[in-house]
Amino acid sequence: MFHHSLRQLVLPLACLIAGAACAQGEPIRVGAVLSVTGPVGFIGDPQQKTLELHVKRLNDQGGLLGRKVVLTVYDDQSDPNNANTFAKRLVESDKVDVLLGGTVSPPALAMVPYAERAGVPFVSTGGSLALVDPVKKWVFKTPHSDRMVAERILQDMKERGIQQIALLTETSGFGQSGKKEVHAAAAKFGITVVGEESYGPKDTDITPQLTRLRGLQGAQAMLIFCGAGTSPAMAIKNYAQMGLKLPVYMPHAAVNQEFIKLGGAATEGVRMPTTGFVVPEALPASDPQKAPSLDYYRSYKEAYKQDASPFGGNVADALAIAVDGIRRAGSTDRAKVRDAIESTNGLVGLNGIFTMSGTDHNGLKPESLRIVEVRSGRFELVK
Amino acid sequence: MISELLQFLFSGLTVGAMYALAALGYALIYNASHIVNFAQGEFIMLGAMTATAFVEAGCGLPLAISLAIAISVLAGIGMERLAIRPARGAPLVTLLIITLGVALVIRGAVQVTLGKGNHMLPAFSGDAPIHLGGATMVPQSLWVLGISVLVVVLLAWYFGRTVSGKAMLATSHNRLAAELVGISTQRVLLASFALSGGLGAIGGVITAPITFTSYDAGVVLGLKGFAAAALGGIGSGPGAIVGGLLLGVIESLAAGYVSAPYKDAVAFILILLVLMFMPRGLFGAKVTERV
Amino acid sequence: MTYRSRHAALGLLAVVMLAFPLFGPDSFAYDIAIRIAINAVVVIGLNLLFGYAGQISLGHAAFFGLGAYGSAILTVHAGWPPLLALAASAAATGALAFVIARPIMRLAGHHLAMATLSLGLIASIVFNNEMRWTGGSDGMSVPPLDAFGWTLSGEPAWYALTGVLLFLAAWAASNLVDSPAGRALQAIRGSEVAARVAGIDTARFKTRVFVLSAILASVMGSLMAHYVGFLTPAAAGLTRSIEFVMMVVLGGTASVFGSVVGAGLITLLPQFLHAFESWETLLLGLILTAAMIFMRAGIVPTLRAAFARSKA
Chain A
89 MFHHSLRQLV
99 LPLACLIAGA
109 ACAQGEPIRV
119 GAVLSVTGPV
129 GFIGDPQQKT
139 LELHVKRLND
149 QGGLLGRKVV
159 LTVYDDQSDP
169 NNANTFAKRL
179 VESDKVDVLL
189 GGTVSPPALA
199 MVPYAERAGV
209 PFVSTGGSLA
219 LVDPVKKWVF
229 KTPHSDRMVA
239 ERILQDMKER
249 GIQQIALLTE
259 TSGFGQSGKK
269 EVHAAAAKFG
279 ITVVGEESYG
289 PKDTDITPQL
299 TRLRGLQGAQ
309 AMLIFCGAGT
319 SPAMAIKNYA
329 QMGLKLPVYM
339 PHAAVNQEFI
349 KLGGAATEGV
359 RMPTTGFVVP
369 EALPASDPQK
379 APSLDYYRSY
389 KEAYKQDASP
399 FGGNVADALA
409 IAVDGIRRAG
419 STDRAKVRDA
429 IESTNGLVGL
439 NGIFTMSGTD
449 HNGLKPESLR
459 IVEVRSGRFE
469 LVK
Chain B
63 MISELLQFLF
73 SGLTVGAMYA
83 LAALGYALIY
93 NASHIVNFAQ
103 GEFIMLGAMT
113 ATAFVEAGCG
123 LPLAISLAIA
133 ISVLAGIGME
143 RLAIRPARGA
153 PLVTLLIITL
163 GVALVIRGAV
173 QVTLGKGNHM
183 LPAFSGDAPI
193 HLGGATMVPQ
203 SLWVLGISVL
213 VVVLLAWYFG
223 RTVSGKAMLA
233 TSHNRLAAEL
243 VGISTQRVLL
253 ASFALSGGLG
263 AIGGVITAPI
273 TFTSYDAGVV
283 LGLKGFAAAA
293 LGGIGSGPGA
303 IVGGLLLGVI
313 ESLAAGYVSA
323 PYKDAVAFIL
333 ILLVLMFMPR
343 GLFGAKVTER
353 V
Chain C
110 MTYRSRHAAL
120 GLLAVVMLAF
130 PLFGPDSFAY
140 DIAIRIAINA
150 VVVIGLNLLF
160 GYAGQISLGH
170 AAFFGLGAYG
180 SAILTVHAGW
190 PPLLALAASA
200 AATGALAFVI
210 ARPIMRLAGH
220 HLAMATLSLG
230 LIASIVFNNE
240 MRWTGGSDGM
250 SVPPLDAFGW
260 TLSGEPAWYA
270 LTGVLLFLAA
280 WAASNLVDSP
290 AGRALQAIRG
300 SEVAARVAGI
310 DTARFKTRVF
320 VLSAILASVM
330 GSLMAHYVGF
340 LTPAAAGLTR
350 SIEFVMMVVL
360 GGTASVFGSV
370 VGAGLITLLP
380 QFLHAFESWE
390 TLLLGLILTA
400 AMIFMRAGIV
410 PTLRAAFARS
420 KA
């Protein structure tokens, strides 16, 4: 008995004496549900690696509130039903203090009812506006919503004097949502959609749809609302094959090296909105996002010997928001953490600077999206 | 108008050739064993993925393609030896699930070794579009069509002129009779799997420059290949080819003239209708069943 | 299956289901159990069609999805009470199954497989594209199941409901199998021509079994939608159809309890394999292939035969 309590005294003393960063006591548990395999596995896999890296770095620097952070990640295999199951597993079996995740919107949306019911802060990484509109008490999100992306594109078009566009959208959730948002916002920017077609994300031939769009009169630009994967490259290659010459816009999902690698020369001149952290070298030195973005890429490359993916930024931000919330709340009490997250103010993340409120659980503004263009095989900042 | 139709036809035929090659793979194995090999799509993916891996590692294109075909052939042989032969005599549904299991194994193996990214092979003769009657096609499409024709001709020669080919044909007509005249149906089965593997790889390699590839590309290909084979009458070589081309063209026309999001649905509805009125498929032989 | 062994198996099922809550499971464990029960009922229906009547169906998730989306759309867009929506969806699904059964049942083997596959794919394409009704690819929320002023919520309550349904389904199915109708089904599987010669109206039986299995799938689809509270087209997709078929074959075709075992294994296995992360697909494939090579009739029939041999 005496030995036991002596040991309990000696260990923390030894840590202090050794000066080592020694986080002990109940660990803080972070749980995440990501689609590491399945159709969007190429998004979820770097997300998992990012989370593991950032949690490790956090622990190496002393942990959170002096406590170790333990991360548990489950793979929902791109199936929202599994996401729902794993949310329960994380909260009930693994006793996590905060939930992260949803590589794409359907798994994220599937986790919402449970998070609300169980009263667990959930910082999601899905793109759908429905996650935070209407605002739900326990749910927050980090990526820009599809509406912001659509509006940013339309704004750039307006500034270039474009008034009529052809619209090509994917039949995936992201594409369908984008189509809805483009239609809703087009009039605001004085733009009319003169024709539209859609294609499947795994289609290997989009020339029929492009043939129909080619026949349209008066289109001055083409907006291809595609998701990530092979879809943007397939679309742009077929576009070039058809000899179409209108300026092309794509959403932020196309901003990754794979697009340029697979699309080749056809990608020249395509414009996309993106977060600053995707093109950190191009940011001015005074930009608060520059340093964290460069650090993100550098540390990922060092740890995994691979180029970091922009999609990892969403989870990095989610983790940062959760950590910041717990830190400010001073405990892992769920209600306190939730309140702390809701009052996040000016947190410099990779996607932008987050300022949340009772009515805004995303915290980003459309201004934090920049426009890049593909020039000479690289993404260059336009504005 | 005409140029639009031409465009739809060109794309449809290119995609259709890919389906036709897949369907031929199904026909080969079905003929030798009455097994529907749901891992056929993965053979195609395997060829494409290994070829891109070799190219990215620095091999020249011809070497990469040869290695990829060899690997797929080995995979076919491996599948027959390790998964099909031990299950000889098992009910057909069991064999069906076994092929699904092997499909998962191949997919999982590629995922673990080559990752989850998307890859592409360089086009064999460049990307500059060819203009024909107001429609455009990429040079690779011509490669696809040309090599498909070559493959079909070679297969016809093999089945018609070589002993092993004729043995395979005999086995497909009547297994028992073939065994009685001394044909090793065991070896025929092995050959059919090896051939299907190779065929899949060829199909994968020639279309990878157009369609890209990834570890899960086999699912859709396997599905469409099976659809084409069933449409044409599974077990019929010409049926597989016609079924494949028809499926590709129907999809393309449906996307262009009817409704792009529903193009697959249109194709499948037509397949359903064909099956309802011609239960054996377009070219399926009228089989008499002994009861 | 003898009368005694059937009752023994049913008894074992009841004991397992009643004992489960005594182990103090958490929400997650209940969740798995509920999913197994839902899948098992669908698979029992599919097994009647597949294992006993010999009609292969690669599109069964379409019926599951029709029930799920039917309930979801009727409750969300038309404000119907959930039970009414469930019944209406089941009726509609049954009617659809009846209409397509006749022409389809004339097909054999892989042509039937292709036809059912097509149906499944057409259904999931429609679910994916009709955004206004179904929310499209991103899915739609589904309200909880309430009836007579009382809401079913919480995992233990759902476990009770699905457990009871599973027991009833297993009991009814094993009764059916031992009845004249059941023997007719098995005769059809053995040889359709011989069955017809013996005077069995094969078309009528096949249609009935098809409709029955479709209705079962529809009801369970509706329940799953209410349980998860969220529905996406993946529920009716090809992967789900293939999973159902795997459950039938792995557990044992022509075995009611094989259906339960198959559903349990295929639902549980991914949970265990998760620890292996990217190796999961490969391992799942290896396990499945090996299982089918060594237990070719499926797990339950193989074990039963081994047990019978050892007793002899």
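Protein chains in written order, with this note's numbering: chain A, 89 to 471; chain B, 63 to 353; chain C, 110 to 421. We put the CB at the ideal spot given by N, CA and C, even for glycine. Please read all numbers here as calculations on a predicted model, not as lab measurements.
{"Item": "Under the three-state DSSP convention, the category residue 122/A falls into", "Value": "strand"}
{"Item": "Own chain, CB closer than 6 Å to residue 260/C, minus 5 neighbours either side, in chain order", "Value": "253"}
{"Item": "Beta-carbon neighbours of residue 215/C, restricted to chain B and to distances below 7 Å", "Value": "341"}
{"Item": "Neighbouring residues, chain A, relative to residue 70/B (Cβ below 9 Å)", "Value": "295, 296 and 299"}
{"Item": "Close beta carbons around residue 90/A, own chain, < 6 Å, minus the five adjacent residues each side", "Value": "Residue placement at residue 90/A cannot be trusted, given a pLDDT of 43 that sits under 50; what the coordinates show is reported in the next sentence. Hits under 6 Å: none found."}
{"Item": "Residue span of the beta strand (DSSP E) that contains residue 244/A, given as start and end", "Value": "Taken as a continuous stretch (DSSP letters only), residue 244/A belongs to no beta strand (DSSP E), being part of the alpha helix (DSSP H) at 234-247."}
{"Item": "Between the CA atoms of residue 185/A and residue 418/A - distance to the nearest angstrom", "Value": "13 Å"}
{"Item": "Residues within the segment 395-407 of chain C neighbouring chain A, beta-carbon criterion of under 9 Å", "Value": "none"}
{"Item": "Short CB-CB distance (under 8 Å) between residue 234/A and chain C", "Value": "no"}
{"Item": "Proximity below 8 Å, CB of residue 122/A to CB of residue 161/A", "Value": "yes"}
{"Item": "Bridge partners - residue 259/C, DSSP secondary structure assignment", "Value": "256/C"}
{"Item": "Chain A contact residues for residue 353/C, given Cβ-Cβ distances below 7 Å", "Value": "Here the premise fails: no neighbours, minimum Cβ distance about 14 Å."}
{"Item": "DSSP beta-bridge partners of residue 132/C", "Value": "Beta-bridge pairing links residue 132/C to no other residue."}
{"Item": "Proximal chain B residues relative to residue 186/C, where beta-carbon distance stays under 8 Å", "Value": "Correct list: empty, because the minimum Cβ distance to chain B is about 21 Å."}
{"Item": "Expected contact under 8 Å - CB spacing of residue 137/C and residue 177/A to nearest Å", "Value": "4 Å"}
{"Item": "Identified DSSP bridge partners for residue 331/B", "Value": "According to DSSP, residue 331/B bridges with nothing at all."}
{"Item": "Contact set between residue 362/C and chain B, taken where Cβ atoms lie within less than 9 Å", "Value": "153, 155 and 156"}
{"Item": "Under the three-state DSSP convention, the category residue 286/A falls into", "Value": "strand"}
{"Item": "Alpha carbon of residue 353/C to alpha carbon of residue 321/A, nearest angstrom", "Value": "35 Å"}
{"Item": "Any beta strand (DSSP E) of 3 or more consecutive residues that is wholly inside the segment 317-380 of chain A", "Value": "359-363"}
{"Item": "Environment of residue 209/A [buried if 16+ CB atoms lie within 10 Å]", "Value": "buried"}
{"Item": "Residue-chain proximity (residue 334/A, chain B), Cβ-Cβ < 8 Å", "Value": "no"}
{"Item": "Start and end residues, beta strand (DSSP E) containing residue 267/B", "Value": "Note, residue 267/B: premise wrong, no beta strand (DSSP E); alpha helix (DSSP H) at 247-273."}
{"Item": "Close beta carbons around residue 380/A, own chain, < 8 Å, minus the five adjacent residues each side", "Value": "365, 436, 437 and 438"}
{"Item": "Residue range of the beta strand (DSSP E) that includes residue 416/C", "Value": "From DSSP, residue 416/C is part of no beta strand (DSSP E) but of the alpha helix (DSSP H) over 408-420."}
{"Item": "Selection from 169/C, 134/C and 122/C that minimises the alpha carbon distance to residue 320/C", "Value": "169/C"}
{"Item": "Neighbour list for residue 296/C in chain B, Cβ cutoff strictly below 9 Å", "Value": "Correct list: empty, because the minimum Cβ distance to chain B is about 13 Å."}
{"Item": "Where residue 466/A sits in the DSSP three-state scheme", "Value": "strand"}
{"Item": "Nearest-angstrom Cα separation, counted from residue 233/B out to residue 239/B", "Value": "8 Å"}
{"Item": "Reference residue 456/A; option with closest CA among 156/A, 167/A and 237/A", "Value": "237/A"}
{"Item": "Rounded straight-line distance, which links the Cα of residue 161/C to that of residue 287/C", "Value": "11 Å"}
{"Item": "Stretch-stretch touch, CB-based, cutoff 8 Å, three pairs: the segment 255-264 of chain A with the segment 301-315 of chain A", "Value": "yes"}
{"Item": "Beta-carbon proximity list for residue 223/A, same chain, < 8 Å, skipping 5 on both sides", "Value": "446, 447, 448 and 449"}
{"Item": "First through last residue of the beta strand (DSSP E) which encompasses residue 312/A", "Value": "309-313"}
{"Item": "Proximity below 8 Å, CB of residue 210/B to CB of residue 105/B", "Value": "no"}
{"Item": "Straight-line gap, residue 181/C to residue 444/A (C-alpha atoms, nearest Å)", "Value": "33 Å"}
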